[in-house]
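The opening position of the sequence shown corresponds to residue 330 in the working numbering, with each subsequent residue numbered one higher.
Beta carbons are placed, not taken as given, at the ideal position from N, Cα and C, and that holds for glycine.
What follows is one structure encoded as structure tokens, with my remarks underneath.
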Amino acid sequence: MSVLDVLKSPASRVLAPMDCTPEIIDLPAPDRVLIPLEYPGKILFRPLVQVGDEVVCNQVIGRSDRNNFIHASISGKVVEMRTMWAARSFHVPAVVIEKSDAPPLSGDELLRQCDIDPRSPTRLDLLRAAGVISPWTTPGRDDSEADLGDYPDIEQIVIKGMNQEPTICSFRLLLRTRSGEVQQALRRLSEIAPQARILLAVCKADAQWAGDTFSGLADVAPLSNNFRDRIERKYVRRLTGVKVPNKASYRSGGIAVISVEQLLDMYDALEGLPCIRKTITISSGKEFTPVTVRTALGTSIGDLLASQGLVVEDGDRVIMGGPMAGTAQFTLETPLSKFQAGIHVLKAKDIIADVNLICVNCGRCTQACSSNLQVHLIGRCVEFDQLAEATTYYPGACIECGLCAFVCPAHRPLVQMVKMAANYRG
Ligand code: SF4
Ligand code: SF4
Numbered sequence: 330m331s332v333l334d335v336l337k338s339p340a341s342r343v344l345a346p347m348d349c350t351p352e353i354i355d356l357p358a359p360d361r362v363l364i365p366l367e368y369p370g371k372i373l374f375r376p377l378v379q380v381g382d383e384v385v386c387n388q389v390i391g392r393s394d395r396n397n398f399i400h401a402s403i404s405g406k407v408v409e410m411r412t413m414w415a416a417r418s419f420h421v422p423a424v425v426i427e428k429s430d431a432p433p434l435s436g437d438e439l440l441r442q443c444d445i446d447p448r449s450p451t452r453l454d455l456l457r458a459a460g461v462i463s464p465w466t467t468p469g470r471d472d473s474e475a476d477l478g479d480y481p482d483i484e485q486i487v488i489k490g491m492n493q494e495p496t497i498c499s500f501r502l503l504l505r506t507r508s509g510e511v512q513q514a515l516r517r518l519s520e521i522a523p524q525a526r527i528l529l530a531v532c533k534a535d536a537q538w539a540g541d542t543f544s545g546l547a548d549v550a551p552l553s554n555n556f557r558d559r560i561e562r563k564y565v566r567r568l569t570g571v572k573v574p575n576k577a578s579y580r581s582g583g584i585a586v587i588s589v590e591q592l593l594d595m596y597d598a599l600e601g602l603p604c605i606r607k608t609i610t611i612s613s614g615k616e617f618t619p620v621t622v623r624t625a626l627g628t629s630i631g632d633l634l635a636s637q638g639l640v641v642e643d644g645d646r647v648i649m650g651g652p653m654a655g656t657a658q659f660t661l662e663t664p665l666s667k668f669q670a671g672i673h674v675l676k677a678k679d680i681i682a683d684v685n686l687i688c689v690n691c692g693r694c695t696q697a698c699s700s701n702l703q704v705h706l707i708g709r710c711v712e713f714d715q716l717a718e719a720t721t722y723y724p725g726a727c728i729e730c731g732l733c734a735f736v737c738p739a740h741r742p743l744v745q746m747v748k749m750a751a752n753y754r755g
């Protein structure tokens, strides 16, 4: 059987995007939030509060070296400052706030907290004060705070109007339910970057509607239901015609890639509203109807699942992200941060018992690989602790699409193995 046969097999139906629930449910803020002060490999915020401080919603609680800010997503008291497990399995510092009824901070007060004159803020001031890290200010593949240096001007902007993971529909729902604001935001975007061509990537099912709704504001690019067609790195290359190496940032190719949620966050920021809430799709097995909610940043996974009556039982796995490229979580305390769009609970009965079997050299992983890597060789090297050897097969070019692990008959954790090799520093 060829890889194509595998991808066409009934099992591959999980790779088609899931049907959307028709609306986004606004959840009340939880009693307690954990706000991470570090986005590993991205930004480190210095805390501006200490244990015992009373804070109000929208208040700045951390500042980075380049004057990006992070905010309290609820009013309350800082009860702890400690480390916690972030979604991608890093241990990072965090501020723990317990809720009070104090009113939120106003927009002008927020700007003053950021040392910005509210009478004449620049667009960049407003974005930074709101905690929105725009692609104009961050060149890195992971939104790091590196110096912009010699990066070229942005000539093309790709807006993600659908999620890569088949179980997540937050971007698609935002596009549909806030289409009026998206139109306004696209107009603002054209003012900010008048030279740039704006492309809006949407699900095939939304093509006609999006073409009519965003006519004259963006070039609508429908993507098929085939998972390969929705792999971000691949379709950005296809739509823009620019070959940015997998390890490089889009910005180095004159491209900015943002989700429709980031576009709306930018629009809100320019209106003086800080980014303190996040939209996320919660999914599980067949018995659970997926739901997309919007809630305060810092809400724990446990609170999010409980809000939908989802109970995590012995043997279940909670994955931040989706089943293709998500990360299994160590604890339900891990909070929602700005970079997550989905939580998937894999029930114990749906987990394949025989995992990490011996590689049978079938080559499917390598044939399926979106980056043309020798995945089986990297996996073998990692398995036998030959990490230096593994790095010679360019694991850093992996775009974490998850296809290799999906097609592997031995159910080997290939994405994790490749990531381990990519992160090896000798
Ligand atoms: S996740 Fe697997 S298939 Fe996808 S790019 Fe990385 S190694 Fe290749
Ligand atoms: S790692 Fe899996 S898919 Fe790749 S060659 Fe080995 S058994 Fe086949």
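DSSP-derived helix/strand/coil call for residue i
| i | result |
| --- | --- |
| serine 636 | helix |
| phenylalanine 713 | coil |
| arginine 606 | strand |
| leucine 363 | strand |
| arginine 448 | coil |
| isoleucine 611 | strand |
| threonine 542 | helix |
| aspartate 482 | coil |
| aspartate 471 | Any reading at aspartate 471 needs caution, since the residue's pLDDT is 46, under 50, leaving its predicted position unreliable; the model's value is listed next. Aspartate 471 falls in the coil class under three-state DSSP. |
| arginine 741 | coil |
| alanine 340 | Because alanine 340 sits at a pLDDT of 41, beneath the cut-off of 50, its placement in the model cannot be relied upon, and the following sentence gives the value as read from the coordinates. Residue state, collapsed to three classes: helix. |
heavy atom of ligand 2 below 7 Å from residue i C-beta
| i | result |
| --- | --- |
| arginine 693 | yes |
| cysteine 710 | no |
| alanine 750 | no |
| leucine 702 | no |
| alanine 415 | no |
| valine 689 | yes |
| proline 742 | no |
Sequence-distant residues of its chain with Cβ nearer than 7 Å to residue i (five each side left out)
| i | result |
| --- | --- |
| leucine 515 | Ile527, Phe543, Leu546 and Ala547 |
| tyrosine 596 | Glu510, Gln513, Ala514 and Arg517 |
| glycine 755 | Ala717 |
| proline 447 | Asp437, Leu440 and Arg441 |
| arginine 392 | Phe374, Arg375, Leu377 and Phe398 |
Check: residue i C-beta below 7 Å from any heavy atom of ligand 1
| i | result |
| --- | --- |
| serine 499 | no |
| cysteine 727 | yes |
| leucine 504 | no |
| glycine 490 | no |
| alanine 530 | no |
| serine 578 | no |
| serine 636 | no |
| serine 699 | yes |
| valine 565 | no |
| glycine 655 | no |
| valine 732 | The displayed chain sequence assigns leucine, not valine, to residue 732. Indeed, a heavy atom of ligand 1 lies less than 7 Å from the Cβ. |
Proximity test, Cβ basis, 8 Å: residue i and chain B
| i | result |
| --- | --- |
| valine 747 | Considering every chain present, this structure includes no chain B. It has just one protein chain. |
Integer Cβ distance of residue i from residue j, believed to fall under 8 Å
| i | j | result |
| --- | --- | --- |
| leucine 756 | proline 376 | Look at the range of the chain in this structure, 330 to 755, and you will see that residue 756 is not part of it. |
| isoleucine 445 | valine 620 | Wrong, their Cβ atoms sit about 38 Å apart, outside the cutoff. |
| valine 362 | serine 402 | 5 Å |
| isoleucine 364 | isoleucine 390 | 6 Å |
| valine 378 | valine 407 | 5 Å |
| isoleucine 611 | glutamine 637 | 6 Å |
| valine 622 | isoleucine 609 | 6 Å |
| valine 736 | arginine 693 | 4 Å |
Residues that residue i bridges to, as DSSP identifies them
| i | result |
| --- | --- |
| lysine 762 | This structure gives no information on residue 762, because the portion of the chain shown stretches from 330 to 755. |
| serine 629 | Pro664 |
| proline 376 | Gly391 |
| methionine 410 | Val424 |
| alanine 532 | It is cysteine, not alanine, that sits at residue 532 in the sequence shown. For cysteine 532, which the question treats as bridged, DSSP gives the partners Leu552. |
| valine 571 | Paired residue(s): none; valine 571 is not in a bridge. |
| lysine 489 | Ala530 and Ser588 |
| isoleucine 687 | DSSP lists no partner for isoleucine 687. |
| tyrosine 368 | Ile372 |
| alanine 657 | Ile648 |
| arginine 623 | Asp355 and Thr608 |
Proximal residues to residue i (C-beta, below 6 Å), its chain only, five neighbours per side dropped
| i | result |
| --- | --- |
| arginine 646 | Ala657 and Leu675 |
| threonine 663 | Trp414, Ala416 and Ile630 |
| tyrosine 579 | Val573 and Val586 |
| serine 331 | Note on serine 331: pLDDT 42, under 50, position unreliable in the model; the coordinate value appears next. Nothing meets the Cβ criterion. |
Sequence-distant residues of its chain with Cβ nearer than 8 Å to residue i (five each side left out)
| i | result |
| --- | --- |
| aspartate 454 | Leu440, Cys443 and Ile445 |
| serine 499 | Ile353, Asn492, Glu590, Thr608, Ile609, Thr610, Thr621, Ala670 and Gly671 |
| leucine 593 | Leu503, Arg507, Glu510, Val511 and Ala514 |
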